[in-house]
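**Q** Per numbering that gives the first Met the number 0: the sequence shown = residues 0 to 365.
My questions all concern the structure below.
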Amino acid sequence: MQTLLIILNVEIMNFELFSLLQDIPQGQLFVLTDSHTKEHCLPIFADFIGEIPYHLLTLEAGEKSKNLSSVQVIWDFLLKHRATREAILVNLGGGMITDLGGFAAATYMRGIRFVNIPTTLLAMVDASSGGKTGFDYQGVKNMIGTFTPPMATLIDPIFLRTLPAEELLSGFAEMLKHALIASQEEWIKLLQLAQDELPQAQFAEALFTTGALQASIAIKEKVVAQDPREAGLRHILNFGHTVGHAIESAALENFELRIKNFELSPSHGYCVLWGMVAEVYLSVVKLGCPREVLQQLTQVMLQYYGRPQCNCRQREQLIQRMYQDKKNSANKTPNFTLLRAVGDPVINQHLSEEDINEALEYLFSL
Ligand code: GLY
């Protein structure tokens, strides 16, 4: 494993970036953004690096860009500007950019170095660390990819100021997931934070000043350090994702999932939040997880994330999508990570379609 730096301070980030990038040969610094981060985050990055020249590639923002054609566009960009094995690709953006850029870098010339600078809360707490790279294929999220750690992940909360409320909520869902799999103490802290700060403009600031952001990153880092290639334990980070990914893939394909307040596809974190509601329901029914946890999560959902709606036929289609989940084994029903209690996750729970349907019924009846 290469060095992974997690920097949570603007001055240190400035310094680290500078020393990381200083020794690159002329013309070998490449920067990948999307159309949003080009506008809102690239000026901050450009200030950090000062006079160091770089080649810039910008992709259309949004999950729809996370495909093989975009990977080819990145390879072509590197090739056109004669990137060598000494090159560094800086991925400046959310999870779509860090996953895609990471994959392109991991495969170009059998691998060049890359640095992730996540600009969304979701990417800060999840996508930018842990070494997963990849893209969506044949309607399945992250179907093709590698485990390749970045040479560094540089996190600066300054970028949180550029985010709309929906993006903050999307990332907050992954933080709730980390708390649910890690400890009752973190879970209660986040519920309190949601209660006190979520409607306020200073929510982004509070994530950092209360230490909640740092704690969430540390939970993921600890799991990844023990199981970097997801042989077993790392499946706990997939809590909420068996149902969540099915909803997200379906929504991406214009599946008629009626979701209040969403004209476009809901973002990943919202789907994970809804997935967690269904999977906590299953945890209560199958493993005796305290019902109070389901009530607390349902309350957060209703207050901040809204209700997805879906009819019986669509529920059946969602279940079929769960068979494409990467945790599955051949000839088995979909595989879930469930909770015996907060902080006590259990992997490899194969559940019947009847059980899954019951959980979806709960979710879609709220
Ligand atoms: N997002 C889950 C993981 O990195 O394993």
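Even for Gly, the Cβ is constructed at its ideal location relative to N, Cα and C.
As the structure is a prediction and not an experimental result, all values here were calculated from the model.
I'd like the ranges of any alpha helix (DSSP H) spanning at least 4 consecutive residues and lying wholly in the region 71-114.
**A** Runs found: 94-106.
**Q** Compute every distance between the C-beta of Gly144 and the non-hydrogen atoms of the ligand GLY, then say whether any falls below 6 Å.
**A** Every heavy atom of the ligand GLY is 6 Å or more from the Cβ of Gly144, so no.
**Q** Can you find at least 3 beta carbon pairs, one from the region 291-300 and one from the region 220-227, that sit closer than 8 Å?
**A** With a cut-off of 8 Å, the region 220-227 and the region 291-300 do not count as touching, because too few Cβ pairs lie within range.
**Q** Can Lys326 and His234 be called in contact, C-beta distance under 7 Å?
**A** Yes. Within cutoff.
**Q** Could you give the C-beta distance for Asn356 and Ile318, rounded to a whole number, given that I count them as a contact under 8 Å?
**A** Yes, they are in contact, since the Cβ atoms of Asn356 and Ile318 sit about 7 Å apart, within 8 Å.
**Q** How long is the line joining the alpha carbons of Leu359 and Val89, rounded to whole angstroms?
**A** When rounded, the distance between both Cα atoms is 40 Å.
**Q** Please give me, in chain order, every unbroken run of the alpha helix (DSSP H) with length at least 4 that falls completely inside the region 130-201.
**A** The qualifying runs are 164-181, 183-196.
**Q** Between the region 22-34 and the region 82-97, do at least 3 Cβ pairs fall closer than 8 Å?
**A** Contact holds: three or more Cβ-Cβ distances are below 8 Å.
**Q** Please classify Cys288 as buried or exposed, where buried requires at least 16 other C-beta atoms within 10 Å of its C-beta.
**A** Buried is the call here.
**Q** Counting C-beta neighbours from all protein chains within 10 Å, is the total for Tyr322 16 or more, i.e. buried, or is it exposed?
**A** By the 10 Å Cβ count, Tyr322 comes out exposed.
**Q** Verify the contact flag: Lys140, CB atom, against every heavy atom of the ligand GLY, threshold strictly below 6 Å.
**A** The answer is no for Lys140.
**Q** Can you tell me whether Asn330 is helix, strand or coil according to DSSP?
**A** Three-state result, Asn330: coil.
**Q** Where does Asp324 sit, in a helix, a strand or coil, going by DSSP?
**A** Three-state result, Asp324: coil.
**Q** Can you list, in chain order, the residues of its chain whose CB lies under 7 Å from that of Leu197, leaving out five sequence neighbours each side?
**A** Contacts found: Tyr303.
**Q** By a C-beta neighbour count over all protein chains shown, 10 Å radius and 16 as the cutoff for buried, is Lys63 buried or exposed?
**A** Lys63 is exposed by the Cβ-count criterion.
**Q** What residue does the alpha helix (DSSP H) around Asn356 start on, and which one ends it?
**A** Element bounds for Asn356: 352-364.
**Q** Does the distance between the C-beta of Leu272 and the nearest non-hydrogen atom of the ligand GLY fall short of 6 Å?
**A** Result no, Cβ not under 6 Å from the ligand GLY.
**Q** Are the Cβ atoms of Ile116 and Leu56 separated by less than 7 Å?
**A** Result no, Cβ atoms of Ile116 and Leu56 do not sit closer than 7 Å.
**Q** At a threshold of 6 Å, does Leu179 count as lining the ligand GLY (C-beta to nearest heavy atom)?
**A** Incorrect: Leu179 has no Cβ contact closer than 6 Å to the ligand GLY.
**Q** Would you say Arg233 touches the ligand GLY, meaning its beta carbon is less than 6 Å from a heavy atom?
**A** Yes - the ligand GLY has a heavy atom lying nearer than 6 Å to the Cβ of Arg233.
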